[in-house]
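Here is the structure we will look at.
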């Protein structure tokens, strides 16, 4: 008999809010999303789980010893400098904690159909180096640990951030149990790696075009891959008001995107971990609203 899962769990820690100074990455968004959840009568009663920092042996499931040595040693080298973030003790602690959060979120899929982690989604980090505001690849580490505990399970990455999830593509390129799907702006960072399925988008892609491509892609994936677990990288940066991209999705389009993934997960029966990843709207509050809307959609019946 199939186990009945509760609808949604949340994971968050106040120490995710890094002090980055005047930086384009809006680290304070995590606290703002949490605040909106606590103020929402329909969400305020949800239990919010607080993670522990990841263990170094967990990080080593994905990352090389040389990289971790530089990272924990606060050394700016060719392995750490391409994060384009400062490297301080606080930032190290925040990233290690965020990895712990995604590990916890993945474990909680034993109890919940959906788990939203208000943090994480650092999908550019490579085994041997940081990239693109990402020091540690929380999702890849969580999946590797999940595989150790659940051998043979099929895992699907659905990456709908503005930027390709190049780190996850590299980590799982030769793993038949993991399918990486990335739909992203083509003419933009990063250098593209080979995913299980890549859908490159032209500048100016609108809601209608995007949603049709998404539906078609999910149909194709479902015809040949049946996931036991989904990791949804729900970036806010395909938004028309994003400062780093040229896609033209509206608030409504992004809500429909999230509903599409929610309904796909329900149809497959696979629980899903949802991660916020990127978002650089010209108006910071738009990024916060998009992430908050994602939580509301996955919480709704």
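Numbering (full-length UniProt numbering), first residue to last: 1 to 301. Glycine included, each C-beta is placed from N, C-alpha and C at the ideal position.
Burial is judged here by how many other beta carbons sit within 10 angstroms of a residue's own beta carbon; residue 24 has fewer than 16 and is exposed. The residues 292, in chain order, have a CB closer than 6 angstroms to that of residue 36 in the same chain once the five nearest residues on each side in sequence are set aside.
Sequence-distant partners of residue 283 (beyond 5 residues in either direction) whose C-beta falls short of 8 angstroms from its own C-beta, in its chain, are 241.
Distance from the CA of residue 28 to the CA of residue 52, rounded to the nearest whole angstrom, comes to 20 angstroms.
With contacts defined as CB atoms closer than 8 angstroms, residue 275 and residue 143 fail to qualify as a contacting pair. Bounds of the alpha helix (DSSP H) holding residue 253 are 251-268. The straight-line gap separating the alpha-carbon atoms of residue 20 and residue 264 is approximately 36 angstroms. In this structure, the beta-carbon distance from residue 166 to residue 186 does not fall below 8 angstroms. Between residue 233 and residue 121 the beta-carbon gap is near 5 angstroms, inside 8 angstroms, which marks them as a contact. As the crow flies, the alpha-carbon of residue 145 is around 15 angstroms from that of residue 96. Residue 33 and residue 216 have their C-alpha atoms roughly 31 angstroms apart. Contact between residue 253 and residue 210 is confirmed by a C-beta separation of about 6 angstroms, below the 8 angstroms threshold. Contact between residue 43 and residue 295 holds: CB atoms are separated by about 7 angstroms, below the 8 angstroms threshold. Contact check between the stretch 152-169 and the stretch 111-125: three or more CB pairs, one atom from each, fall below 8 angstroms, which counts as touching. Within the same chain, and ignoring the five residues on either side of residue 182 in sequence, the residues whose Cβ sits closer than 6 angstroms to its Cβ are 159, 164, 165, 195, 198. Secondary-structure assignment with DSSP links residue 180 through a beta bridge to 157.
Bounds of the alpha helix (DSSP H) holding residue 30 are 29-39.
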